[in-house]
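Using numbering that gives the first Met the number 0, the first residue of the sequence shown is number 0, and each one after it goes up by one.
Take a look at the structure set out below.
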Amino acid sequence: MSSKAASNLLVRTGRLQRPITGPRRFRKVKPEIQVKNWKIVKGDNVEILAGKDKGAIGKVSQVLRGQNKLFVEGLNCHYRYLKPNNEFQGGMVSSEAPIHYSKVALVDPSDGKGTKVGFMYTKDGEKVRVSRRTGTVIPKPPELKVNRIREAYQEGPKDTTAENATKVTYVMSKFSFRTEVLKSLNTKEKESD
0 MSSKAASNLL VRTGRLQRPI TGPRRFRKVK PEIQVKNWKI VKGDNVEILA GKDKGAIGKV
60 SQVLRGQNKL FVEGLNCHYR YLKPNNEFQG GMVSSEAPIH YSKVALVDPS DGKGTKVGFM
120 YTKDGEKVRV SRRTGTVIPK PPELKVNRIR EAYQEGPKDT TAENATKVTY VMSKFSFRTE
180 VLKSLNTKEK ESD
């Protein structure tokens, strides 16, 4: 890359400007401030607050917590060209781009509009999401709960059996290890005499 072309590709980093060259151009940058309390999870319905799809409602397909971004099914799409190969004839393909967490709002199930969300505790002590506008409880999506249910575990040949795991092999004593060893040696000597 010539110096003239490199001077046209400058990135502002703080007070200094540096040319975009080499692998730095493609590195992933972590956000300065990460969201600590995520209120949106995979499977939620969200409304887009900014961008070309403003006002559209979609379902969250993936959450990138490390980058404060999420993917919404069928929204914020961009087109890219793929080369032809044995399986694909090539051409323009639509793919979803990530949206920043601050540009979406969780949809209130009572009226179907985006709302701010808070947390409250039920009488049972369960933490639930609550709409700030209407006060209705926003339940977690059912597919999120299905993924967390595990089937009954079956022991394999390399697993430790329950009998061996619960077997007591050491009894705690008020004496130190050294005195225990000396006592056991003394009893063995007396038995041999």
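Yeah, the Cβ is synthetic: ideal placement off N, Cα and C, and Gly gets one too.
None of the values given here were measured: they were computed from a predicted structure.
Residue i vs residue j beta-carbon contact at 9 Å
{"i": "Leu69", "j": "Ile39", "result": "yes"}
{"i": "Val129", "j": "Gly117", "result": "yes"}
{"i": "Pro140", "j": "Gly57", "result": "no"}
{"i": "Val59", "j": "Asn36", "result": "no"}
Element boundaries [alpha helix (DSSP H), containing residue i]
{"i": "Glu162", "result": "161 to 165"}
Distance between residue j and residue i (C-alpha atoms, nearest Å)
{"i": "Glu103", "j": "Lys122", "result": "The amino acid at residue 103 is misidentified as Glu; the sequence shows Val. Roughly 30 Å separates the two Cα atoms."}
{"i": "Lys166", "j": "Thr159", "result": "11 Å"}
{"i": "Tyr169", "j": "Ile98", "result": "57 Å"}
{"i": "Gln66", "j": "Gln33", "result": "7 Å"}
{"i": "Thr135", "j": "Tyr120", "result": "13 Å"}
{"i": "Ser183", "j": "Arg177", "result": "10 Å"}
{"i": "Asn84", "j": "Pro108", "result": "45 Å"}
{"i": "Ala55", "j": "Tyr152", "result": "43 Å"}
{"i": "Leu181", "j": "Lys126", "result": "57 Å"}
{"i": "Thr186", "j": "Gly155", "result": "42 Å"}
{"i": "Gly175", "j": "Ala164", "result": "At residue 175 the sequence reads Ser, which differs from the Gly that was named. Each residue's alpha carbon lies about 25 Å from the other."}
{"i": "Phe87", "j": "Val71", "result": "25 Å"}
{"i": "Thr133", "j": "Gly90", "result": "47 Å"}
{"i": "Val92", "j": "Gln61", "result": "19 Å"}
Distance between beta carbons of residue j and residue i, contact taken as under 8 Å
{"i": "Asp52", "j": "Leu74", "result": "5 Å"}
{"i": "Cys76", "j": "Ala49", "result": "No, Cys76 and Ala49 are not in contact; Cβ-Cβ is about 16 Å, not under 8 Å."}
{"i": "Glu46", "j": "Gly113", "result": "3 Å"}
{"i": "Arg79", "j": "Ser94", "result": "6 Å"}
{"i": "Arg131", "j": "Lys157", "result": "Incorrect: roughly 52 Å between the Cβ atoms, too far for contact."}
Three-state class that DSSP yields for residue i in the structure shown
{"i": "Glu125", "result": "coil"}
{"i": "Thr193", "result": "This structure gives no information on residue 193, because the portion of the chain shown stretches from 0 to 192."}
{"i": "Glu142", "result": "helix"}
{"i": "Met0", "result": "In this predicted model, Met0 has a pLDDT of only 47, less than 50, meaning its place in the structure is not dependable; the value taken from the coordinates is given anyway. Coil at Met0, not helix or strand."}
{"i": "Glu179", "result": "helix"}
{"i": "Thr168", "result": "coil"}
{"i": "Ser60", "result": "strand"}
{"i": "Gly65", "result": "helix"}
{"i": "Tyr120", "result": "strand"}
{"i": "Asn84", "result": "coil"}
First through last residue of the beta strand (DSSP E) which encompasses residue i
{"i": "Gln33", "result": "No beta strand (DSSP E) holds Gln33; DSSP gives it neither H nor E."}
{"i": "Arg79", "result": "76 to 81"}
{"i": "Leu48", "result": "Looking at the DSSP string, Leu48 is not in any beta strand (DSSP E), and its letter there is neither H nor E."}
{"i": "Ser94", "result": "90 to 95"}
{"i": "Val106", "result": "103 to 106"}
{"i": "Phe70", "result": "68 to 71"}
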